[in-house]
Amino acid sequence: HPKLSKGVKRRLRELYRTLDPVALLAEMRDAQTELGTRVGARAGKLTAATSPPASATNAAAFAKRLGNEVHLGEQRIIHRRMRKPYKKRMRMPSMLDPHLADIERWFAAEPRLTALAILDRLAEHAPEKFGPPQHTIVQRLLRLLRRNATEVIIPRTAGGTAPATIGDPGTGAGAACDGHSATSPVPPILRAMTQPQTGRQSALRPSSESNILR
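64 is the number of the first residue of the sequence shown in the numbering used here; add one for each residue after it.
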């Protein structure tokens, strides 16, 4: 351009000569190698990695090596942290542990007991420890107890030993004849789950047969 001085033109030519894409790619690879070295270095070696040696590769040698590595299948180093195996968390102590035996006894006697009722009973023994904020942990424990009870009941019913209700002849602790021992008594939780619903609940929840007849 006629309005530019010779010094500006000379600097622009020198800058234009440095705009070599192969040399730029070589600088990018050197920067990637340096970054991977810094990331992979340990804390003790981090100071040594702050001053990496200068790369002595020129653009021509780098271009020739790229052509050969493309045919051989270049394998770039992946700098990533190794995945460590997950460490299983240990169970932390719960504030319900001292009262676990009482809760299991209450649940065995009344399988339909709610978490609020259990929390009320615990609050009577220790009002300074138990209150509305502990409702969630009581619900979690009650859910676990119900799941464990279900895992016991389902195999019994699937194996052909149908649960018997109280009052059926030939079952229970008082049934023994012909020299044979009586069957084991029905567990309270099994008895409560097999008893038919009566009263207001049966009126609110009609049976399937009545629904079909309607």
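Here a beta-carbon is modelled for each residue, glycine too, at the ideal position from N, C-alpha and C.
Can you tell me whether His162 is buried or exposed? The criterion is at least 16 other CB atoms within 10 Å of its CB, across all chains shown.
Position 99 of the sequence shown, counted from the first residue, corresponds to residue 162. By the neighbour-count rule (16 or more Cβ atoms within 10 Å), His162 is buried.
Could you have a look at Glu191 and say whether DSSP puts it in helix, strand or coil?
As a working mapping, residue 191 is identified with position 128 in the sequence shown. Secondary structure at Glu191: coil, using DSSP grouped into helix, strand and coil.
With Met91 as the anchor, note down where its alpha helix (DSSP H) starts and where it stops.
Numbered from its first residue, the sequence shown carries residue 91 at position 28. Here the alpha helix (DSSP H) through Met91 covers Pro84 to Gly103.
Val201 versus Arg154 - alpha carbon distance
Here the question's residue 201 lines up with position 138 in the sequence shown. Here the question's residue 154 lines up with position 91 in the sequence shown. The C-alpha of Arg154 is placed about 16 Å away from the C-alpha of Val201.
Quick check: what's the CA-CA separation for Lys127 versus Ala94?
As a first step, residue 127 is located in the sequence shown; it is residue number 64 there, counting from the start. As a first step, residue 94 is located in the sequence shown; it is residue number 31 there, counting from the start. Cα-Cα distance, rounded: 19 Å.
Name the two residues that bound the continuous alpha helix (DSSP H) containing Gln202.
Reading the sequence shown from its first residue, position 139 is the one you call residue 202. Counting along the chain, the alpha helix (DSSP H) containing Gln202 begins and ends at His198 to Ala221.
With 9 Å as the threshold, decide whether the Cβ of Asp83 is near any Cβ in chain C.
This model lacks chain C altogether, as it is built from one protein chain only.
Any heavy atom of the ligand FMN closer than 8 Å to the Cβ of Lys69?
Of the ligands one can find in the structure shown there are none, so the ligand FMN has no counterpart to examine.
Same chain only: Cβ atoms within 7 Å of Lys192, ignoring 5 sequence neighbours per side
Translated into positions along the sequence shown, residue 192 becomes position 129. So the qualifying residues of the chain are Met158.
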